[in-house]
Structure formats: C-alpha cells, structure tokens
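Read the structure below first, then the notes.
In structure tokens, the structure reads:
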C-alpha cells in the first residue's frame, strides 16, 4: 500500500480515474442530465451534450452506461476515434459493432444500416455515443443525419448522443448542419461544480476510498474549488497531490497551505 494511503487509513486511491461506474458520485445537476439522457434513449430520441474540458462529461457518460447496462433492450456503442473521414469513420463504427463490411463507402453504410435493422427486429435499440464530437469531420456531420432518418412505423431505429466541447454547439447551429441539429431533441450543457458540490465531491471520493472522517479542511476545499473553477479533472489532480504532500509532512489533515503549495507548482496559481 502507498505511504499516503496508509497514513490516512485509505484502502484505495481516492482521486483516481479507476473507479467503478456504480461508485461514481454526481451532483444533482449532473445526475439530472444523466436522467434526461436515459429518458431520451427510452424515447428513441437524440441528444447533444456539451461542456468545457474537465467538467465531467466522461463521468456523465459512464453514469449513463451504468444506468442502461442493466437492460437488455439497448446496445451501447462508444465511438471516440472521430478525426477520421466519413468512410473511415463508418468503418470504425462497424468495427466497434463487430460488423463485416465491404470496400466501398456504400458497402460500409449498407452493412451498418442492415445491422441497425437486425437489432430492431430483436427489439434492441442501438445507442451510439460519439465522444469528442466537436472534432468530427464536416463530411461526417453532413452524413450523420441520414443515419437518424431510419425508422419503422415512425419509430427511430437508433438513438444518437453526441458529446463534446462548446465548439460543437457552434458548429451544429451553422446553416450547413441545421438538418442534423434539428434532429437532436435534447440539447444539454454540463456546468462546473459549485463550491458546495466540490466539498461533497471530495468527501464522497474519500469515503469511497475508505475514509471515516474529514481529511480536507473547509479552507482547503474552498481554495481547491477556486483554483480549479469547479473542474473535476483539476480537482482530482490537485487534491491527490495535496493529500500526498500532507502525508509526507505527517499531517493529520490536508490544510489550505498544502493546497496552496501544490498550486504554486501546478500552474493553476494559488489564490
């Protein structure tokens, strides 16, 4: 066991990305987004989710996956290799789905279309999660809306969820992409954590790791929130370093000076 874990009586790294989906902690604002996405999928609709780097887009995706995985009614496909041209993007998508496809772009799209229809006959809804969607090539965006046109008895044969930086919204609202944008029924924004959310988040992660008492002082959490601006990624990084520093100094708590010391060398700046 690492020295800092032993020092604070922890079983595992509290601020690691390696955490089970079922143990993820989300504030009410992010849980509301997950709930809306679950409803979106159940209704066979489509969504776009945007947020600044580090605000928890991946956490929302993981929570959505956890919420849907218990049901046999959905087939989730996660696609993150989005910097490809249209044909290679669809090839990548077929590969993710385990579909055999032909050489031409038409063959690839036909294979994908048939697979979607086969899943529908099996009463299974394909759910396509496209991460980093702000990086999609324009020719892929030009073609995506065709996928969303497939329907039987006025029911969509798949549900598309696009996730990306705020640039994605800007691209989708342009005239050229209006056809696709009009099909995205849910348009959601993930905000940074509030000050109280940051405290709850730090405590929840520590509790999951085995803490049975407060380890960060309120001042330390306040400075942590201010410096990280509510970004989960920055909170995790700085909190982890402050925890390790405090253990090396044999402190019983992580205090504001430990967070400030980390910030001075981390690039965020100490308030």
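Residue numbers (this note's numbering): 701 to 971.
We put the beta carbon where it would ideally sit given N, CA and C, even for glycine.
Predicted, not measured: the structure shown is a model, and the values here were computed from it.
| request: Assign residue 746 to one of three DSSP states: helix, strand, or coil. | output: Within the chain shown, the letter at position 46 stands for residue 746. Coil at residue 746, not helix or strand.
| task | Take the Cβ of residue 812 as the centre, count every other Cβ of all protein chains shown within 10 Å, and call the residue buried at 16 or more, exposed below. | result | By one-based count along the chain shown, residue 812 stands at place 112. Residue 812 should be labelled buried.
| Grouping DSSP H, G and I as helix and E and B as strand, with all else coil, what is residue 766? | As a position in the chain shown, residue 766 is number 66, starting the count at 1. Three-state DSSP puts residue 766 in a helix.
| task | Express the C-alpha separation of residue 749 and residue 863 in angstroms, rounding to a whole number. | result | Stepping through the chain shown from its first residue, residue 863 is reached at position 163. Stepping through the chain shown from its first residue, residue 749 is reached at position 49. About 5 Å.
| said: DSSP three-state label for residue 780, please. | reply: Locating residue 780 in the chain shown gives position 80, counting from the first residue. Under the three-state reduction of DSSP output, residue 780 falls in the coil class, being neither helix nor strand.
| Same chain, Cβ closer than 7 Å to residue 723, five either side skipped, listed in chain order | Within the chain shown, numbered from 1, the residue matching residue 723 stands at position 23. Within the same chain, and ignoring the five residues on either side of residue 723 in sequence, the residues whose Cβ sits closer than 7 Å to its Cβ are 908.
| field | Proximal residues to residue 891 (C-beta, below 8 Å), its chain only, five neighbours per side dropped | value | Counting from 1 along the chain shown, the entry for residue 891 is found at position 191. Non-local beta-carbon contacts of residue 891 in its own chain, meaning distances under 8 Å to residues more than five positions away in sequence, involve 729, 751, 755 and 930 in chain order.
| query | Quick one, which of 746, 859, 926 and 732 has its alpha-carbon nearest residue 816's? | reply | The residue labelled residue 816 in the question sits at position 116 within the chain shown. If we check each option's Cα against that of residue 816, 859 comes out closest.
| 8 Å contact criterion, which residue 872 and residue 932 should meet: CB distance rounded | Along the chain shown, read from residue 1 onward, the residue named residue 872 stands at position 172. Along the chain shown, read from residue 1 onward, the residue named residue 932 stands at position 232. No, residue 872 and residue 932 are not in contact; Cβ-Cβ is about 25 Å, not under 8 Å.
| Backbone CA spacing between residue 905 and residue 725 [nearest angstrom] | Along the chain shown, read from residue 1 onward, the residue named residue 905 stands at position 205. Along the chain shown, read from residue 1 onward, the residue named residue 725 stands at position 25. Distance from the CA atom of residue 905 to the CA atom of residue 725, rounded to whole angstroms, is 8 Å.
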